[in-house]
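Mapped onto this note's numbering, the consecutive letters of the sequence shown carry residue numbers 267 to 663. We put the CB at the ideal spot given by N, CA and C, even for glycine.
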Amino acid sequence: MPDNDARGHRERLRQRFSAEAAGSRSDEALLELLLTFAIPQRDVNPLARQLLAKHGSLGAVLAAHPSTLLSEAGLWPNSVVLLKLVDWIRTHPAQEGETPVSSLSCLPASQDPLFDLQALTRAPRAEGAPEGEQGASPMRETRRTPAQPRPRSGTGLFSNALLREAIELLPGLPDTSSLAEVKAHLVGRLRYNAFSTRQRYAEYIARRMFPSGQADRALRAFARHFAGRQELRDVCFYRFCVSEPLMLRVIDQALLPALSRGQIARSELREYLAAHFPGRDTRDALKAMLDALLATGWVRGDRSLLSYGYHEILPASLAFVLHSEFPEPGMYPIDALAGCPGARALFWDREGIAPALYELRNRGLLAKVSEIDDARQFTVRYTLEEVVDQLCRESMR
267 MPDNDARGHR ERLRQRFSAE AAGSRSDEAL LELLLTFAIP QRDVNPLARQ
317 LLAKHGSLGA VLAAHPSTLL SEAGLWPNSV VLLKLVDWIR THPAQEGETP
367 VSSLSCLPAS QDPLFDLQAL TRAPRAEGAP EGEQGASPMR ETRRTPAQPR
417 PRSGTGLFSN ALLREAIELL PGLPDTSSLA EVKAHLVGRL RYNAFSTRQR
467 YAEYIARRMF PSGQADRALR AFARHFAGRQ ELRDVCFYRF CVSEPLMLRV
517 IDQALLPALS RGQIARSELR EYLAAHFPGR DTRDALKAML DALLATGWVR
567 GDRSLLSYGY HEILPASLAF VLHSEFPEPG MYPIDALAGC PGARALFWDR
617 EGIAPALYEL RNRGLLAKVS EIDDARQFTV RYTLEEVVDQ LCRESMR
């Protein structure tokens, strides 16, 4: 679209919105208008349509995890900040008597900025999420989200999945948030002869299972109570995908599109990596991905094929992933959960999400689930650590 036409189209969008013209409040029109404020001198209508086609509604786009939005072609950090700012405003209505805050310097000591803008700009493709805010919900006071994965440079290729080792060793970790102590524990228990190999592999496991840089109590407690069970395999693979975005990319672009067949040839994955990393040796990365997938327990394989289908949505797995993806108490669209990285990584059927949410509600782990006309929402009441505590109490009954 020529610059003059683009400027004219943007102006017409604003005028139609101000005049409350017919169609100016549609999801497409609103999202397109919103994107014009973040993306200058470009036709943003195709991007708006692309986002709505993938997420299903404007509410689901706004509620999507920042890392999911950053993975979209055409969306950059400034655009994601604007979308998440609007999402925060719409889900955090001011409470009566609340005092406005005029600057970040006035924030209470217990409250953090909504976004780490420097981190978001520094690593536009890294997993990220809003920090906690005060007054999020009458059910809960100040919340702070778990720290997010530290950005890494490089191609994204990785080797040595070590997911089986992580699943085996996590239940026995020491009761500490110190990553150094966790690594030392892993070095002493990994079954490899060379000390340098054990050190390197302990680093891989610690970084992938605790991508925030701290050994969070939520995963440590979950691992102890679900040792040897499918729920722990689910959660470890989820954390693995958070830390290794290429794994999720392969799931999205190669494995999920082949879901109707129920299988994919290893050669197809080899060709995928070769096409996306021309000139690089991707054999180690392919082996690591295959090892990780086979460690999940729901992917089967032989020398030439991987076989898989939709994976059962286990309540404890759903609770952990949901409270990781939506860490603040509040109301969220069900469609946003169905399209989030965790649901895709675990091969969950979108049609099974709502029934699984009702199961969590019936157990008291969610405040509410509602499906009225097109408004399908769930309400989070706990933090990740709190919901893990609830799950552990359930298992001891």
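Ranked by Cα distance from D568, the first of I530, P312, L348, D482 is I530.
As far as DSSP is concerned, I433 takes part in no beta bridge. Listed in chain order, the non-local C-beta contacts of D500 below 7 Å within the same chain comprise L580, S583, L612, local neighbours out to five positions each way being set aside. Restricting attention to T421, V635, L631, P477, the CA atom closest to the CA of A540 is found in T421. Within the same chain, Cβ atoms closer than 6 Å to the Cβ of L559 are found at V565, the five residues on either side in sequence being excluded. L535 has its alpha-carbon roughly 26 Å from the corresponding atom of E497.
Annotation for Y624: V635 place their beta carbon closer than 7 Å to its own, counting only its chain and skipping 5 residues before and after. By the neighbour-count criterion, in which a residue is buried when 16 or more other Cβ atoms sit within 10 angstroms of its Cβ, T562 is buried. For P332, the three-state secondary structure derived from DSSP is helix.
The secondary-structure analysis by DSSP pairs T645 across a beta bridge with M597, K634. Scanning the segment 440-464 for uninterrupted alpha helix (DSSP H) segments of 4 residues or longer gives 445-455, listed from N- to C-terminal end. The Cβ-Cβ distance between A329 and P599 falls below 9 Å.
In the three-state reduction of the DSSP assignment, S337 falls in the coil class. For A285, there is no enclosing alpha helix (DSSP H), as DSSP marks it with neither H nor E. Each of P437, A484, R430 was checked against the Cα of Y467, and the nearest Cα belongs to R430. For I355, the enclosing alpha helix (DSSP H) has its first and last residue at 343-357. Taking each of R642, F283, Y574, L485 in turn and checking the Cα distance to S526, the smallest one comes out for Y574.
Close CB contacts of R276 within its chain, under the 6 Å cut and outside five residues either way in sequence, are with T302 (chain order). Here the alpha carbon of N628 sits roughly 13 Å from the alpha carbon of Q656.
Shown here, S292 sits in coil according to DSSP, grouped into three states, outside any helix or strand.
Its Cα nearest to that of L423, the residue P511 stands out among P511, K320, G438.
Taking the C-beta atoms as reference points, A484 is found nearer than 9 Å to V654.
Under the three-state reduction of DSSP output, A554 falls in the helix class. Judged by their CB atoms, Q465 and V448 are not nearer to each other than the 9 Å cut-off.
Between L631 and A602 a beta carbon distance of about 18 Å is seen, past the 8 Å cut, so the two are scored as non-contacting. Around the beta carbon of F461, fewer than 16 other beta carbons lie within 10 angstroms, which makes this residue exposed. In this structure L341 is not in contact with V327, their Cβ atoms being roughly 10 Å apart against a cut-off of 8 Å. Note that the C-beta distance between A481 and T442 is below 9 Å. When DSSP states are grouped into helix, strand and coil, S573 belongs to the strand group.
The beta-carbon distance between R457 and L522, rounded to whole angstroms, is 34 Å. This is too long to meet the 8 Å contact definition.
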